[in-house]
Amino acid sequence: MAATDDFDPEYDPEPHRILLPSLSDSPTVHSACCLALSTPLLAHLASLFPPAPRLILSIGSGYGLLEALLLAPPYRFNIIGVEVQPSSNTHLPRTHHRVVAGSRFLEPLAAEAEAWMFVYPRRVGLVEEYLHEYGARKLRVVVWVGPTADWEDYKGVFGGWEVNVQGADKVGGRAWEIVAVARKDTMASEQSVA
1 MAATDDFDPE
11 YDPEPHRILL
21 PSLSDSPTVH
31 SACCLALSTP
41 LLAHLASLFP
51 PAPRLILSIG
61 SGYGLLEALL
71 LAPPYRFNII
81 GVEVQPSSNT
91 HLPRTHHRVV
101 AGSRFLEPLA
111 AEAEAWMFVY
121 PRRVGLVEEY
131 LHEYGARKLR
141 VVVWVGPTAD
151 WEDYKGVFGG
161 WEVNVQGADK
171 VGGRAWEIVA
181 VARKDTMASE
191 QSVA
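Residue numbering for the sequence shown follows the UniProt record's numbering, starting at 1 and increasing by one per position.
See below:
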């Protein structure tokens, strides 16, 4: 008689250890990330986020490699990746990963996050919808990383925000990508409260 399989995939007392790649000073493409990663790029991204325990939400995290690197030492950010169902996540532990039913659905945890990250987002409307629904809450910074050619479509959604755009090659990325950092315009925020 065969033994029954009592494994419950929702309860795994010993989470699998996920091996993360070692990064170098040069941007390198990894199969689990559309962004070429390097030690300087990761350090630059880390400099943009609030420290733990403050929450960072990575919207459209895919396989979760970038987020897992930011979750691991030396950074140890409180970062949660969000992906559409069925998720392709292979790097983030369940405690740091959420799924939504489709690309038209929003993760309510965005209301609690002080920082959001969009890496190669597929739809301008998604960024707009998150900002409209949750942008007036705790959010202080949005980091957008993607192709320079795509930024023209996205930059208009950050009206009223202070936006700094930098070539990714200046911070350890590829020449055709940019890192855009949008921060709430504190003067406009203070005037709207008054």
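Each residue gets a CB set at the ideal place from its N, CA and C atoms; glycine is no exception.
What is the residue span of the alpha helix (DSSP H) that residue i lies within?
{"i": "L37", "result": "First-last for L37: C33 to L37, but that is the beta strand (DSSP E), not the alpha helix (DSSP H)."}
{"i": "H132", "result": "V124 to Y134"}
{"i": "E107", "result": "Note, E107: premise wrong, no alpha helix (DSSP H); not H, not E."}
{"i": "L71", "result": "L65 to L71"}
Out of the options, which has the shortest C-alpha to C-alpha gap to residue i?
{"i": "L139", "options": "R98, D169, G172 and W161", "result": "W161"}
{"i": "L71", "options": "E107, G173 and R94", "result": "R94"}
{"i": "G135", "options": "V145, E107, R122 and S103", "result": "E107"}
{"i": "D25", "options": "G172, V179, F105 and I178", "result": "G172"}
{"i": "L20", "options": "G81, G167, H91 and A43", "result": "H91"}
{"i": "residue 198", "options": "L45, F105 and L109", "result": "Here the chain covers residues 1 to 194 and nothing more, so residue 198 does not appear."}
{"i": "V100", "options": "A111, N89, V84 and E128", "result": "V84"}
{"i": "H30", "options": "I18, L66, A52 and P51", "result": "L66"}
{"i": "A115", "options": "G159, E128, N78 and G102", "result": "N78"}
{"i": "E133", "options": "R76, D169, N164 and R104", "result": "R104"}
{"i": "A168", "options": "S88, Y154 and V143", "result": "V143"}
{"i": "A113", "options": "V179, F49 and C33", "result": "F49"}
Could you name the residues that DSSP lists as bridge partners for residue i?
{"i": "N164", "result": "V181"}
{"i": "A115", "result": "I56 and V141"}
{"i": "R98", "result": "V82"}
{"i": "T28", "result": "L37"}
{"i": "P147", "result": "E177"}
Just to confirm my understanding: we take residue i, look at its own chain, exclude 5 residues before and 5 after, and list those with CB closer than 6 Å. What are they?
{"i": "P9", "result": "Its pLDDT being 43, under 50, P9 is placed unreliably by the model, and nothing is read from it."}
{"i": "R183", "result": "V141 and E162"}
{"i": "S88", "result": "G62 and Y63"}
Quick check on the DSSP output: the beta strand (DSSP E) that includes residue i runs from which residue to which?
{"i": "V157", "result": "Premise fails: V157 is in no beta strand (DSSP E) and is neither H nor E."}
For residue i, which residues of its own chain have a beta-carbon under 7 Å away from its beta-carbon, when the five flanking residues on both sides are left out?
{"i": "A3", "result": "With a pLDDT of 44 at A3, under the threshold of 50, the predicted position of this residue should be treated as unreliable, though the coordinate-derived value follows. Answer for A3: no residue qualifies."}
{"i": "L23", "result": "L37, S38, T39 and L42"}
{"i": "L131", "result": "V157"}
{"i": "R174", "result": "P27, A36 and A168"}
{"i": "A68", "result": "I18, L20, H91 and L92"}
Identify, in the order they occur along the chain, each residue of the same chain with its Cβ nearer than 8 Å to the Cβ of residue i, setting aside the five sequence neighbours on each side.
{"i": "residue 216", "result": "Here the chain comprises residues numbered 1 to 194, so residue 216 is not present and cannot be evaluated."}
{"i": "A149", "result": "W176"}
{"i": "A52", "result": "R76, F77 and N78"}
{"i": "D153", "result": "V124"}
Given 8 Å, three or more beta-carbon pairs between the stretch 55-68 and the stretch 111-127: yes
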